[in-house]
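Counting in my numbering, the sequence shown runs without a single skipped number right up to 565 at its last residue. Backbone N, C-alpha and C define an ideal beta-carbon position, used for all residues, glycine too. Inspection log for the structure reproduced underneath, given as structure tokens.
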Amino acid sequence: ARLFGVREAGWLAPLLAPYRRPLLALFTLSLLAAGAALVPPWLTKLVIDQGLMAGDKGALVTFVLLLFAVGLGALALGAVNSLLHLRFSARLLADLRRAAVARILVQSPRWQARQKIGELMSRLDGDAGEVQQFAFAALVTGGGSLLRLAGGTVMLFVLDPLLAAMALVLAPVELLFFAKARPVTHAKARDVRAARGRLAAGLAETITGLGALQALNAATAAAGEIDRKQQGLVAALMSAQMWSEATRAVPMVLTAILRGAVFLVGGIAVIDGRMQLGSLIAFIAYLGFLIGPMQSLISLWHGQARMKAALDRLDEVMSAEPEVAEPERPLALPPAGGEITLSGVAFGQSAGLPLFEHLEAVIPAGRKLRLAGPSGVGKSSLIALLQRHFDPDAGAILLDGIGLRSLRLAELRAAVAVVPQKGHVFAGTVADNLHLANPAANEADMQAVLHLVELDERLGMDALNTRLGEGGLDLSGGERQRLCLARALLQPFRVLVLDESLSEVDAARVSRIVAAIDARFAGRTRIIVTHGGAARYGAFDAEIDLARVPAQSQAHAPARREAPL
Numbered sequence: 001a002r003l004f005g006v007r008e009a010g011w012l013a014p015l016l017a018p019y020r021r022p023l024l025a026l027f028t029l030s031l032l033a034a035g036a037a038l039v040p041p042w043l044t045k046l047v048i049d050q051g052l053m054a055g056d057k058g059a060l061v062t063f064v065l066l067l068f069a070v071g072l073g074a075l076a077l078g079a080v081n082s083l084l085h086l087r088f089s090a091r092l093l094a095d096l097r098r099a100a101v102a103r104i105l106v107q108s109p110r111w112q113a114r115q116k117i118g119e120l121m122s123r124l125d126g127d128a129g130e131v132q133q134f135a136f137a138a139l140v141t142g143g144g145s146l147l148r149l150a151g152g153t154v155m156l157f158v159l160d161p162l163l164a165a166m167a168l169v170l171a172p173v174e175l176l177f178f179a180k181a182r183p184v185t186h187a188k189a190r191d192v193r194a195a196r197g198r199l200a201a202g203l204a205e206t207i208t209g210l211g212a213l214q215a216l217n218a219a220t221a222a223a224g225e226i227d228r229k230q231q232g233l234v235a236a237l238m239s240a241q242m243w244s245e246a247t248r249a250v251p252m253v254l255t256a257i258l259r260g261a262v263f264l265v266g267g268i269a270v271i272d273g274r275m276q277l278g279s280l281i282a283f284i285a286y287l288g289f290l291i292g293p294m295q296s297l298i299s300l301w302h303g304q305a306r307m308k309a310a311l312d313r314l315d316e317v318m319s320a321e322p323e324v325a326e327p328e329r330p331l332a333l334p335p336a337g338g339e340i341t342l343s344g345v346a347f348g349q350s351a352g353l354p355l356f357e358h359l360e361a362v363i364p365a366g367r368k369l370r371l372a373g374p375s376g377v378g379k380s381s382l383i384a385l386l387q388r389h390f391d392p393d394a395g396a397i398l399l400d401g402i403g404l405r406s407l408r409l410a411e412l413r414a415a416v417a418v419v420p421q422k423g424h425v426f427a428g429t430v431a432d433n434l435h436l437a438n439p440a441a442n443e444a445d446m447q448a449v450l451h452l453v454e455l456d457e458r459l460g461m462d463a464l465n466t467r468l469g470e471g472g473l474d475l476s477g478g479e480r481q482r483l484c485l486a487r488a489l490l491q492p493f494r495v496l497v498l499d500e501s502l503s504e505v506d507a508a509r510v511s512r513i514v515a516a517i518d519a520r521f522a523g524r525t526r527i528i529v530t531h532g533g534a535a536r537y538g539a540f541d542a543e544i545d546l547a548r549v550p551a552q553s554q555a556h557a558p559a560r561r562e563a564p565l
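So, in structure tokens, the structure goes:
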């Protein structure tokens, strides 16, 4: 909580918990490596004082061999530490991203509409990486630095207490400077993160809106906007880098002054015979154990400020509460069915856009219903309620006698298959797209639904292995709609909802496809949303016209609209 923040620790701690043992192992290796690094300067002193200066060849060979062995061991420890660090930190990064993606996947379409894809990608990539790096560095790097700092300080006092006391004056001066500089470091890091997010969002929006930009002849304007965002990022990076150079220059100057003073005072002591040459050289080496780890720890402290800027952005994703929650004690659907009951359903009041209220209807299983009404009357909102992306402001919706709030979301959304007007096709093969709806679907099942939507001839003999680009842009609009419909037909649905999902398909083909669906899935409930031209969908058993259901702003008396059966 102190490192990351109380709220952030609430979701970050469970992700870090499985890495307690790897972190402990890395911490132990870091301490061993730090301890091993303290030995060579002392051995160097012995090589000089007891070997070279004393003229003892045996001692020279012994200490040189020991120096080589310790160096080799430190190299091996460093390599093992580095490999383990990469292995487990990469896994932690994957867990962080998995948790963030899982949080995104439970959000409602309304939440999604408020987001920018590039901005989310920036948080999942750069911000998550910054948090992951600090999470390991805080313990592993920090622990080793503390040991080197403590060990180096002790060895300085062993070699020369007066010089050691002089060297320690540097610590409070640097600490005071970095304490004053830390808030600025946090602000600079936050500005850079925000600028990167804006650029990523602009790039993503430009690429996804390429067709519209070309149609509007607005490519030059879009390129100019990207350039402005790029310049904003460069300015933020330059400002952060200039501050970084400034904060780096101060300790470097202080360190240079300290080293000069040590060489001057220690050199005079060597000349006067009060200090051995090897001791001075070892003292200079151990001085690095005071300066290096101290600056590493201060840098880690400043790194925490940069990490916090990234964590604040990632926390906006991780702390976003879904509009609907899983039931604490979910109920199971009966073996078969598809009956939908709308009981006093109202929606839109809480958002300030009242759409309908007191909606009453019973749609028995296996019926074919037309959901009609002009644009903006609430048809898509009602469909969103059926899949429980939102909950009604009032009333209840039941599927086979069970309230939707009592069903697990996965079971509900498998039972109620929705094909939107603008369905999404993913990069990969046709089979990859179809398997999203039903991973267990075999080749015969997939070929059957492609035949039903009349895509088998268009895609050819090897239809399932046909590769599609991102968004399926190598297909026509009608072909993308039919592929999305085929995908939905592989779900184990009780209710199939077509939300203007064949609007870009010619009328004759729509009639054939819907007739085939009616024949094959006659026992399942079918809801078809239309603005007009209902004749091409064949005969309906019932109709709900939402234009006749009064919104709160239009009527105050209860209204009842039952689907005629």
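For the alpha helix (DSSP H) that contains residue i, what are its first and last residues?
i: G10; result: 6-16
i: L199; result: 170-208
i: D462; result: No alpha helix (DSSP H) contains D462, which DSSP labels as neither H nor E.
i: L371; result: Not the alpha helix (DSSP H): L371 falls in the beta strand (DSSP E), residues 368-372.
i: T28; result: 20-37
i: L489; result: 477-489
i: D474; result: Looking at the DSSP string, D474 is not in any alpha helix (DSSP H), and its letter there is neither H nor E.
i: P109; result: 109-113
Quick one: what's got a C-beta closer than 6 Å to residue i's C-beta in the same chain, skipping five residues either side?
i: R467; result: T429
i: Q276; result: D49
i: V362; result: T341
i: G118; result: A200, A201, L203, A204
How far does the beta strand (DSSP E) with residue i in it reach, from first residue to last?
i: S343; result: 340-347
i: A1; result: Where A1 is concerned, there is no enclosing beta strand (DSSP E), given that its DSSP letter is neither H nor E.
i: D125; result: Counting along the chain, D125 falls outside any beta strand (DSSP E), and DSSP gives it neither H nor E.
i: D227; result: Here D227 belongs to no beta strand (DSSP E); instead the alpha helix (DSSP H) covers 219-271.
i: D545; result: 542-545
i: R526; result: 525-529
i: A417; result: 416-419
i: L498; result: 495-499
Going by CA-CA distance only, name the one from the options that's closest to residue i.
i: H424; options: D462, E479, T525, T141; result: E479
i: Q421; options: G471, D499, I298, E454; result: D499
i: L489; options: D506, E457, G477, A522; result: A522
i: G378; options: G348, L369, L398; result: G348
i: V567; options: F426, T220, S145, L382; result: The structure shown does not extend to residue 567, since the chain spans only 1 to 565, so no value can be given for it.
i: A569; options: R196, L210, Q214, L216; result: This structure cannot speak to residue 569, because the chain is shown only from 1 to 565.
i: T525; options: S511, G532, R536, F540; result: F540
i: G71; options: W42, V529, A437; result: W42
i: L93; options: F134, R114, K116; result: F134
i: M53; options: L105, G278, L162, E174; result: G278
i: M318; options: D462, E130, L105, A261; result: L105
i: D445; options: A427, D474, P492, F426; result: P492
i: R487; options: V418, G471, A519, T206; result: V418
i: L297; options: G267, L175, S511, D506; result: L175
Identify whether residue i lies in helix, strand or coil by the three-state DSSP scheme.
i: F157; result: helix
i: R467; result: strand
i: A365; result: coil
i: R98; result: helix
i: V425; result: coil
i: H556; result: The predicted position of H556 is uncertain, since its pLDDT is 31 and thus under 50; a value taken from the coordinates is nonetheless stated next. Correct three-state label for H556: coil.
i: L385; result: helix
i: G395; result: strand
i: E316; result: helix
i: G152; result: helix
i: V510; result: helix
i: V377; result: coil
i: D456; result: helix
i: F521; result: coil
i: L359; result: strand
i: G401; result: coil
Which residues in the same chain as residue i place their Cβ atom closer than 8 Å to its Cβ, once the five residues preceding and following it in sequence are excluded?
i: A17; result: none
Write down the C-beta distance between residue i and residue j rounded to the nearest angstrom, noting that I regard them as a contact closer than 8 Å.
i: A569; j: R193; result: Nothing about residue 569 can be read from this structure; the chain reaches only from 1 to 565.
i: L120; j: L15; result: At roughly 19 Å, the Cβ-Cβ gap does not stay under 8 Å, so L120 and L15 are not in contact.
i: L44; j: L75; result: According to the sequence provided, residue 44 is Thr. The question's Leu does not apply to it. With 8 Å as the limit, T44 and L75 do not qualify as a contact, their Cβ atoms being about 17 Å apart.
i: F283; j: L146; result: Their Cβ separation, rounded to whole angstroms, is 21 Å, which puts F283 and L146 out of contact at 8 Å.
i: L385; j: I397; result: 6 Å
i: F27; j: G143; result: 5 Å
i: G452; j: L333; result: Sequence check: residue 452 is Leu here, not Gly. No, L452 and L333 are not in contact; Cβ-Cβ is about 25 Å, not under 8 Å.
Which same chain residues, not among the five before or five after residue i, have their C-beta less than 7 Å away from its C-beta?
i: A305; result: R182, T185, H186, A189
i: G337; result: A365, D400, R494
i: R561; result: Residue placement at R561 is poorly supported in this model, since its pLDDT is 40, which falls under 50; the coordinates still yield a value, given next. Result list for R561: L359, E360, A361, I544, R548, V549, in chain order.
i: L568; result: Residue 568 lies beyond the range of the chain shown here (1 to 565); nothing can be said about it.
Beta carbon of residue i: closer than 7 Å to some heavy atom of the ligand FMN?
i: S380; result: The model on display carries no ligand, and the ligand FMN is accordingly not part of it.
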